[in-house]
Structure formats: structure tokens, C-alpha cells
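Student: Line by line, the protein sequences are chains X and Y. Residues in the first sequence are numbered from 1 upward in steps of one, following this note's numbering. Residues in the second sequence are numbered from 587 upward in steps of one, following this note's numbering. This is the structure I want to talk about, given as C-alpha cells.
There are 2 protein chains.
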Amino acid sequence: MAYDATKLKDYQIAELAEANMPTPGQWREKLGLEKDEVIPYGRICKLDFMKIIDRLRNRPNGKYINVTAITPTPLGEGKTTTTLGLVEGLGKRGMNVGAAIRQPSGGPTMNIKGTAAGGGNALAIPMTEFSLGLTGDINDIMNAHNLGMVALNARMQHERNYSDEELAKRNLRRLDIDPTNVQWNWVIDFCAQGLRKIIMGIGGRTDGYMMESKFNIAVSSELMAILAVARDLQDLRERIGKIIVAYDKKGNPVTTEDLEVAGAMTAFMRNTINPTLISTAEYQPVLVHAGPFANIAIGQSSIIADRIALKMFDYHVTESGFAADIGFEKFWNVKCRFSGLVPNVSVITTTIRALKMHGGGPKVVPGRPLPEEYTRQNLELLEKGIANLLHHINIVKKSGVIPVVCINAFYTDTKEEIAMVRRYAEQAGARCALSEHWLKGGEGALELADAVIDACNEKVDFKYLYPLEMPLRQRVELIAKEVYGADGVSWTPEAEAKAKMFESNPAYADFATMMVKTHLSLSHDPNLKGVPKGWVLPVRDVLVFAGAKFLCPMTGSIMMMPGTGSDPAFRRIDVDTTTGKVLGLF
Amino acid sequence: MAYDATKLKDYQIAELAEANMPTPGQWREKLGLEKDEVIPYGRICKLDFMKIIDRLRNRPNGKYINVTAITPTPLGEGKTTTTLGLVEGLGKRGMNVGAAIRQPSGGPTMNIKGTAAGGGNALAIPMTEFSLGLTGDINDIMNAHNLGMVALNARMQHERNYSDEELAKRNLRRLDIDPTNVQWNWVIDFCAQGLRKIIMGIGGRTDGYMMESKFNIAVSSELMAILAVARDLQDLRERIGKIIVAYDKKGNPVTTEDLEVAGAMTAFMRNTINPTLISTAEYQPVLVHAGPFANIAIGQSSIIADRIALKMFDYHVTESGFAADIGFEKFWNVKCRFSGLVPNVSVITTTIRALKMHGGGPKVVPGRPLPEEYTRQNLELLEKGIANLLHHINIVKKSGVIPVVCINAFYTDTKEEIAMVRRYAEQAGARCALSEHWLKGGEGALELADAVIDACNEKVDFKYLYPLEMPLRQRVELIAKEVYGADGVSWTPEAEAKAKMFESNPAYADFATMMVKTHLSLSHDPNLKGVPKGWVLPVRDVLVFAGAKFLCPMTGSIMMMPGTGSDPAFRRIDVDTTTGKVLGLF
């Protein structure tokens, strides 16, 4: 029986569902895991990745289901909700099913957006743990990341203060770091716009090395990217050692290994290798692992989580951040390439609301009431906006995957509106299902579950958009044209110079292309809705993540540190001091 | 049977001992706890404070044993080792015993000092968890602290950018924060000297508010101080709301409650209320809770940990940071006053090495070999240095407690040296015991255990050094003269003006005096060893911790952010990627 989502708030549903949530011991029995493979952390637990992958190494993989979306409104279109609802629906059909999602960042949770636990009857529980730090992975990443910066700045101070002889006494060689070419920064997991640009090291000889620096949000850390793509602990350790933190005065890279801090950084991240296990409101298992944003990073839960989930479950649902132009493109050309795994199907989450916005509906602003266009039937706006959905269907089809369009139902949607979306989606060659998981949980997601089961029986001729041999600028051009629908790409002189260097240096030959772009438009301009035409993608810089093996073309004005608004969520959060419960999460 | 500490390194002893360490479930049986009172976190667990204190509320308290020390060398004189050894010794005598210690900071652990897990057979295990983050309390404090600063700086930005009308639309009133009088800062739990002073908010209208700011080490956070002194969750919540983060342009305090962030900060700290349970190498229980430095903060494990430990154990040993002039003085006049608890005895940890240094021995430098004076018999230096021990004995006696001097044995100590210390200590009215817990574990600490048991039978006429009615400057004068042995106190004009303000404002009437002073000398000058004479204590500022209810006179040049040296511990730390074990901790 589903909870009455029209009357109960999410945290109330969470509290009711949490009363019967499986304990770590019950999960162990339910999932057939061995004793040592479940590591309890209070009400939740981590799974021992290395033990499980070793024990199940000969078991065939389950079906691999990706969830993506159309270009969302700033409110989000319920991709996590759909992921959880689909798992619940497959569960109602008696399938052995699980999911992998990302850990939410404290930034959005404390700012405007709130938590990312899904909603209604398609909810991730326990909601407090999920929303506030889980089993500590982001903290571990933050500490490991900042330790790297401590090592870097302290080393610059000591090299400034000491002669070569004095350094040699401490068994240190001069790295001769170029203070104008420092790549590494600090991280914090809040929206701290005041730390976007800082001057540090103000003071005397022993107060560090004075330089410009910055804090990015922790989930944009290269360490988060590495956690998302590492295959195992050894791979994690090796990648951490290859991170380029700066360049020396001759232009050679200086790495964490050069700073002799890569081992200690890995020590801080030793537990992050193990995914956390939580639950849907209907008690289906959900792995939470890694939490990179999709506009500035890979935006996927981890390869590690998918690897064990595909061994543990017959149907495994994994979420890609934001819309198919970003989330699915990175899933397809980066995550699957790195993992070698092939998806059976991709679900494109769609709402009538977002399609109307793409058709020219008024601006949707978080925290303000929705304009009438979105709450009453409006087939004109909808029909115009469907172009955005069709574009995303085509993106997915280019990978060889036939998508399932999921209409994530709102109570204001009309039958005519739903029928129109369905007609266009099916004409474009996709399956389509209406899903009411928010209202009804798994019972509401049966149509979606059946469409997905059906799609999983099809053979997929999966092919990457580009081979790794393709030079960087050509790849970016291909992504811009084929995925975003641009006419071409323009490069700033700095970005082009960097791109040429990466293309000519064999050290970067097997690096993936990790686009950095807004999720609010197919283009780089968040104001251009629908399917923008006649535009050119501007690349202003190319970052290198040598540990993750990403070359990151930066398009538009994406920030690595969001800002806290004037009416942030933290205003409404508190603790009941008699019960210890957290109040006000939403 | 003790491990051979002369051959095995600490991490090797830890690994051997950890093989048979009690699981969370076994601890529950051993300590007679209820199921819900033990909250597992991997191999270790937290104890549910509120449930345990409620269930055992009518049980009489056990004996309350404090451990302090003489003025240490920069190497430390084994106070944690003695705490753990004493617990093991009392355990060997068949007593129901436990301890409370502080969580180590990542700063020293990654820098020169290494971990603070004790050593030899008096070791805290599991060592990796203990050294690297435990159950996340410091991370929770760091996040809660930094969220406060995010709220403060974002509010300053929005108040600058918006009119009163625009603020009112968001239900915000203008706090009118004085940017030149911001008290709150950022924290990070490493020795990041480059962040001691920063300029933040560089950029445009939406890049925060530009101002000078700083990062302190996380363990110096007022939130850590609050965790150490809070009696329960409600007290924690109330104290967090009273933190003064800045003053407005009229000079009125602006608090976290004014920023509407105190509830969310408490939400991040909701789990910190529960102490973590770990083990000695001989499987006696050790609570780890709070981790403030003693030179810049209260330097004690928490009141909460002591409250449940005194209910759970017949003998409870709690450690005070650094020497009796700092650690014991704060235990005596702040912690015990806030908790209402009365100690039965205080153990003064002493080493022959440190006494020789106080007698005029050469400088002791971490990472360099010990000069010969410390490794061969030298009764002359020793006899001169004993004055420091006698001074600390007198400090403890002023509280009404008769101390037990523990000579923490080194293999280079001679019989004559030990006999000399014993003679002086006993002449001064203290009990004295030689203890070889490092070498022999509990068997080596039986003499100490017996002396402590004996001392616990004495009636204690416990009295504070000063009543809270005494004005601030008079209190500081009293502490300087009676505890440190100064001739008087000098105040900078700024410090004196602040002191006068605090004295005249009834809001601060029940605040404790929390001295900030180096631990390396009885004076404010770390170079003055022994018992410095003819000096005046300089107070350069007075900080206010309105949530913790501390007024903190800052003496000498104590820094709230240590620096990372040129040969830090992180250079030698790594992870074995086949076993997942952390290597190189010491």
C-alpha cells in the first residue's frame, strides 16, 4: 500500500517507511551476502566491494538500465524519483532488482534545491542519513583533497625558505613549482561563493606561500571523478598519484606523487571504495556511490557500484545526472568505455511541465509559484516543446540503445497532454510509459517496468560516438554537432593552444573528453530552451584531470562553486532535541 | 602476555591486538548494554548517550580519575599511554574500568607528531580508525562550522546587494553586520599555515562579500569546545545558537540564531553527541569523545563521555591535555564546574627525560636523535628539573586533590634516577609509582593501579581556584600567580578594554575563563623551562565563545592554526591495495 503523497510530506513518508526498513543484518540475508561483506554504519551499511566482486566474479551480469532525462527546468524533472520508482515497479513484478544513485552534495541540500532523495512513494530512505553525509564519503574526499593542497602550499613555502642543501637534509628535491601555474585548489561541500577566489598565504615566512587560490565545491573534486571511474582500490591509488597539482617553471607537470602525499590521500579515501546501501520506501536496495555533478564532472554513480550491482541483481538501474546531452553522453562515451559495460536500455525522464517550458512557457523559478501555463492543459506549448524530447531520443539512439520515454506524472497533467507525448515518442521509435511512482510507488510504475523489461530483451548494437584516436578538437566538434545540435565550436586562443598541446602529447592519448556545460539548455546558454538552432559552442578553457584521465573543455560560464541564495534551505532545518530527529529536510 | 614492544612497532602491535578485538556485539555483552545503545560503525561503534544516561540515571557514579602531566618536551611524555596503561593495570586487578580520551586531529597526525594512540602495550586500537577520522565527529564539526561561515558571508553579500524591501520579501531583516568586526572564521583539520590569513569574496556582486578571513584548525572550533562541555543534546542545541559570529555596526552581537543557521549546524552535529567506543591493546573499553587542543581550547574529552562512563564503570580514567598548569587547571575550574563532577585523584605523568630538560638539558627536537644527557644517568640535571614536577604537584593539591605521580618508564632510566624522583614526590605529599605499561601493558602498571585505588579511598575536599563572581582580570591574575608562578599580568590596551567590557556586562557573568597559553612552559614563552621566575604574563586579546561560555585570554603568540613542517608524516603513509590496510601510521 502506498502512502498518501498528496497529504504527507516527504519527510513524513520517510519516517513511516523507516520504521520497517531492513537492518544491515536483514539486508545481508535478503541479498544473500556473506557476513563480512556488510559493514554497518548505524542504520545503514556499506558493502565490501573487494570481497563481493571477488566472490561473484563468475556470475553473469544482470540487465543494465540507465536513467536519463530531457533538458530540465531548474526544479528538476524527477530523474532520481523515476530511478527509485522503476526499481519499485520491477520489484512489484517479482524481479531481483537494485539501483545505484549518487550521494547528494551538502551544497544544494543546504541551499535552494533541498535534498535529492526522490519524492512521494519513490523515496530514498533513511532520508536524514542520505541527505546529511551518509557514511562520510564526501568528507573523506574533502579531507584527501585538502591534504593535497596543504602539501602543495607548504612545499612551496619550504622551497622558498630553504636552500637546496637544506632541502636535501630533509630528503627533498626542489620541485620548483610555478606559482602562476597551480592547478589544484581547495574544496568545501557547501555553496560558498565567497571562497571562489581568495588570496592565501598572507603573512610572513612561515605563513605559507602567498598566491591566488580558490575553493570549489567538493563534489567537483578530481577525487570524486576518480572515485566514479576507478575499477578497484589499486586503480584508485594509481589514479590519485597521477593528479597534476601544478606545473614547474619549465612547464613539466607536478603530481601528488611528487609531493609524496598520494598515499596519505588514498588512506583518507580507503573507505570510499565501498558503496553505501540504503532503501527505497518499498524496501528495494539502492547503492549510493560517488556524487559528481553532471554539468562540471562525470555526473554518474560509480563504475564500482555498477560492477557489484550487476552481479547482485538481475535488473540494475543506474542514474546519469541531468539530461541526455550531458548525463547520457558521459555515461555512453566515458563511463561505459572505462568500465567495458554495455547498457540494455536508457529511460528518458520527461515531464509535461518541462516540455511546455521548452515550447516557450514562462520562466520557472525555484521557490516561486508555477505560472498557470504549467498547471492547466496547454497543447500548443506542449507540442512545440516536444522537440526537446525528440532531440534527446535521437541522442540515445545514436549509441545503439532504443530508449524508453517515461512520462513522470503530475496530477495537473491531462489525458490529452499525455497522449500527445506518447504519440510523438512512439513515432520517434521509442517505447513510452506513463509512470505514477510518486503517487503510487511500485504499483504506479508497472507500465514503466514492463516497458523496460520488454526493452531489455532487445539486442543492443552499442557504439561510441568517437574513437579515442580522434583528436580532441574533432571530438568536441562531433559532440557539439551530433549531441548538442550546434553549428560548430569556437575556441579562445588559450583553449585552442591547450587543446593542441593535449593532441600532440601522447601522454593524453587515452584520455576521455569530459564536457563542462550547463544542464539547463542543449546549448551553453541556460536561457535557450527547446532545441536551439544556429549557434556555436564556445570553449574558453580545457582542464586536465590526469588521475581521472579526463580532458575537460569548459563551455559557457559554468562555475565550479555555486552560490548560496538569499532564502536557503538551512533556514528551515533543525533538530528535535528530545528525539534527536532532524526536522525540515525536504 | 604483553607484546615485545622493543621489537615490534606500534602499528604491528595494533594489528596483532586487533585480530581479537571485541566486535560491537561483544562489547554490548561485555558492558551489559542494551541492543539499541550500541551503534556500529564498521569495526568500532558509538554509544547512544541519551539512552544510556537515561537507563542508568539512578546508578551511583564510579571513581573519577584524572590524568595530567608535567610540562612536556615537544615529544610528549606519554599521557595517553599512561591513561591506557592505567586502565589496563586496573583491569588486571579485576576492576570494572574504562577511560575517556580525545579524538586526535588530522593536523598533527599528518604533520610531525604522528598519531596519538598511546604506544607499546598501552595502545588504542583499532589504530587506523582512531588516527584517521574515527566515526566522523571532527568532519561533522568542520561542516557545521563552515556552514555557519557560508551563512554569514552569503548574508553579508545579500544585505549589500538588496534593499530593505527586497530583504523583507525573503522574510529577512537587515542584520547590518560590521565587516571589520567578524568573529567567525573557517576551519579545516590540517596544519594549513597558508590559510591563516586570507582575503575572500574577491570578484563581483555575486561572489560573496570581500573581507579578510582565516582558517583555524578544526579542533579549535567553538563547536568542538561546545561538544566538550555540553551536558546533552538540548544543551548542545542551545549553546550552538548562542555563538557570536560577528557584531553589527552598533556593536551588538550577531549570533548563529540570527543567521537562522544554528538548527542546521546542529543537524550536522547530531551524531557527535554519541561517544565512540574503542579498545586498549588488552581489550579494556575506551570512549573517545571531542578533541579540543589544550593550549588553545579546553583540552579535555567531553562531559558527556565522563557522565556515561562514570555510570558504566567503577573506575573511570579521563585525560586532560598537556600539563597540570593547562590541562588540569581547565579540568578543575571549567570542566568540573560545568559538570558538577568531582575527581577522586589526578595522576601526574612524568618522565626522567622531561625532568632533565627542565634541569637545563639540551633542546629536544622532534625527528632528531636525543642528546646523550637523556639516554645516560645524569642525577644533576634531574635534580634541578624536579622543580617542575613539584610545581605541578602543588597545582593539583590546590584543588584539594592529592596527586599520584606516575613515572612513565623508559629503558634508559636508571634505578638511582627513579629513586630520586620518587623521594621528591613523596616528600611533596604525593603518592608515586613507577609504571612500565609501554613495555608490559597492564602487568607493568600494577603499582600505578594500586596507588590509584589507594588514593581513591581518600576523601577529597574539592574547591575551585576562584568563584565565578570574581572579575575576569582578577581571575587571570590568580591563575597566573597561583598556577603558572608569574609575578603578575600585563594587558594590551585592546585586551584590557575587552576585559572591562566583559566584566561590566552581566551577559558574561557565568562565563568560564579559558586560558590560551603554550604547553611547553609554565610561562607564555615556550623556551623557558623548569619553573620560570620573575616574569609577567602578557595578555594580548580576549576571545569570547558565547556558546561554550568561555572568555579566552590569549597569552603569548599561540596560533589557532599550526603549520606543516618540511618532513611531515604524510610522506610515509600509504595503503596496501591488496588488503586495504593503511601503512606508515606511527
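The beta-carbon is built from N, C-alpha and C at its ideal position, and this holds for glycine as well. Since the structure is predicted, the reported quantities are computational estimates derived from the model, not experimental observations.
Given a threshold of 16 other Cβ atoms within 10 Å of its Cβ, counted over all protein chains shown, does X/Val365 qualify as buried or as exposed?
Tutor: Flag for X/Val365 reads exposed.
Student: Give the residues from the stretch 88-121 of chain X that approach chain Y closer than 8 angstroms (Cβ to any Cβ), ordered along the chain.
Tutor: Residues Gly106 and Met110.
Student: The stretch 772-796 of chain Y: which residues have C-beta closer than 9 angstroms to a C-beta of chain X, in chain order?
Tutor: Residues passing the 9 angstroms Cβ filter: Trp772, Ile774, Asp775, Phe776, Cys777, Ala778, Gln779, Gly780, Leu781, Arg782, Lys783, Ile784, Ile785, Met786, Gly787, Ile788, Gly789, Thr792, Asp793, Gly794, Tyr795 and Met796.
Student: For the candidate residues X/Ala19, X/Ala116, X/Asp306 and X/Val229, whose alpha-carbon lies nearest to that of X/Glu239?
Tutor: Per the sequence shown, residue 239 of chain X should be read as Arg rather than Glu. Checked all of X/Ala19, X/Ala116, X/Asp306 and X/Val229; the closest Cα to X/Arg239 is X/Val229.
Student: Considering only the beta carbon of each residue, do X/Lys92 and X/Glu416 sit closer than 8 angstroms?
Tutor: Taking 8 angstroms as the Cβ cut-off, X/Lys92 and X/Glu416 do not qualify as a contacting pair.
Student: Using the Cα positions of X/Thr414 and X/Leu379, report the straight-line distance between them to the nearest angstrom.
Tutor: Looking at the two C-alpha atoms, the distance is approximately 10 angstroms.
Student: So what does X/Val254 bridge to, in DSSP terms?
Tutor: DSSP, once it has assigned bridges, lists X/Ala246 as partnering X/Val254.
Student: Quick check: is the beta carbon of X/Ala154 nearer than 8 angstroms to any beta carbon in chain Y?
Tutor: So, interface residue.
Student: Heavy atom of the ligand ADP less than 7 angstroms from the Cβ of X/Lys197, yes or no?
Tutor: Ligands are entirely absent from the displayed structure, and the ligand ADP is therefore not among its contents.
Student: Kindly indicate which residue of X/Ser346, X/Asn139, X/Glu260 and X/Ile453 has the alpha-carbon position closest to the one of X/Ile70.
Tutor: Comparing Cα-Cα distances from X/Ile70 to each of X/Ser346, X/Asn139, X/Glu260 and X/Ile453, the minimum goes to X/Ser346.
Student: If we cut at 8 angstroms on Cβ distances, does Y/Pro1112 have a partner in chain X?
Tutor: It does not; no Cβ of chain X falls within 8 angstroms.
Student: Please classify X/Glu129: is it buried, with 16 or more other beta-carbons within 10 angstroms of its beta-carbon, or exposed?
Tutor: Classification of X/Glu129: buried, given that the 10 Å Cβ count is 16 or more.
Student: So, using beta-carbon positions, are Y/Tyr1070 and Y/Leu1025 closer together than 8 angstroms?
Tutor: In this structure, Y/Leu1025 does not lie closer than 8 angstroms to Y/Tyr1070 by Cβ.
Student: Between which two residues does the beta strand (DSSP E) carrying X/Tyr374 extend?
Tutor: Note, X/Tyr374: premise wrong, no beta strand (DSSP E); not H, not E.
Student: Name the chain X residues that come within less than 8 angstroms of Y/Tyr748, Cβ to Cβ?
Tutor: What Y/Tyr748 touches in chain X: Ser566.
Student: Could you spell out the range, first to last residue, of the beta strand (DSSP E) harbouring X/Arg237?
Tutor: Per DSSP, X/Arg237 belongs to no beta strand (DSSP E); it is in the alpha helix (DSSP H), Leu233 to Gly241.
Student: Identify every run of the beta strand (DSSP E) within the stretch 953-995 of chain Y, keeping only runs that are complete inside it and at least 3 residues long; order them along the chain.
Tutor: The stretch 953-995 of chain Y contains these whole beta strand (DSSP E) runs: 990-994.
Student: If I'm right that Y/His902 touches Y/Lys649 with Cβ under 8 angstroms, what's the distance once you round it to whole angstroms?
Tutor: 7 angstroms between Cβ atoms; contact.
Student: What are the residues that DSSP puts in a beta bridge with X/Cys592?
Tutor: Within the shown structure, residues of chain X are numbered from 1 to 586, placing residue 592 of chain X beyond reach of any answer.
Student: Indicate the three-state DSSP secondary structure (helix, strand or coil) for X/Ser279 in the structure shown.
Tutor: Looking at X/Ser279 - three-state DSSP - the assignment turns out to be strand.
Student: Determine the direct distance from the alpha carbon of Y/Leu822 to that of Y/Arg645, and round the result to whole angstroms.
Tutor: Cα to Cα, the separation comes out at about 24 angstroms.
Student: What does the Cβ neighbour count give for Y/Gln689, buried or exposed, with the cut at 16 atoms within 10 Å?
Tutor: Classification of Y/Gln689: buried, given that the 10 Å Cβ count is 16 or more.
Student: When the cut-off is 8 angstroms and only beta carbons count, does X/Pro40 lie next to chain Y?
Tutor: So yes, X/Pro40 belongs to the interface.
Student: Buried or exposed for X/Leu389, please, with buried defined as at least 16 other CB atoms from any protein chain shown within 10 angstroms of its CB.
Tutor: When all chains shown are included, X/Leu389 counts as buried.
Student: Which residues bound the alpha helix (DSSP H) around X/Asp164?
Tutor: Start and end: Asp164 to Lys169.
Student: Below 7 angstroms between beta carbons is the criterion; list the residues of the stretch 832-857 of chain Y that meet it against any residue of chain X, in chain order.
Tutor: Within the stretch 832-857 of chain Y, the residues whose Cβ lies closer than 7 angstroms to some Cβ of chain X are Glu846, Val847, Gly849, Ala850, Thr852, Ala853, Phe854 and Arg856, listed in chain order.
Student: For Y/Tyr997, count neighbouring Cβ atoms within 10 angstroms of its own Cβ and tell me buried if that reaches 16, exposed if not.
Tutor: Looking at its Cβ environment, which holds fewer than 16 other Cβ atoms inside 10 Å, Y/Tyr997 is exposed.
Student: Is the beta carbon of X/Ala14 closer than 8 angstroms to that of X/Pro126?
Tutor: Cβ atoms of X/Pro126 and X/Ala14: closer than 8 angstroms.
Student: Within the stretch 1045-1132 of chain Y, note down every full alpha helix (DSSP H) run reaching 4 residues or more, in order along the chain.
Tutor: You should have 1058-1064 and 1079-1090.
Student: Please confirm whether Y/Gly986 and Y/Val1046 have their CB atoms less than 8 angstroms apart.
Tutor: It is a contact, given that the beta carbons lie within the stated cut-off.
Student: Considering Cα atoms alone, identify which of Y/Ile972, Y/Thr701, Y/Ala940 and Y/Leu781 is closest to Y/Pro957.
Tutor: Out of Y/Ile972, Y/Thr701, Y/Ala940 and Y/Leu781, Y/Ala940 has the C-alpha closest to the C-alpha of Y/Pro957.
Student: Less than 8 angstroms between the C-beta atoms of X/Ile402 and X/Glu458, yes or no?
Tutor: Cβ distance < 8 angstroms, so X/Ile402 and X/Glu458 count as in contact.
Student: What whole-angstrom Cβ distance do Y/Ile638 and Y/Leu661 have, given they're in contact under 8 angstroms?
Tutor: About 37 angstroms; that fails the 8 angstroms criterion.
Student: Hey, does Y/Met1146 have any beta-carbon neighbour from chain X nearer than 8 angstroms?
Tutor: Closer than 8 angstroms: no.
Student: Helix, strand or coil: which one does DSSP assign to Y/Phe716?
Tutor: The answer is helix: DSSP assigns Y/Phe716 an H, G or I state.
Student: Using a Cβ-Cβ cutoff of less than 7 angstroms, which residues in the same chain neighbour X/Asp258 once the five nearest sequence positions on both sides are dropped?
Tutor: Same-chain partners within the cutoff: Leu175.
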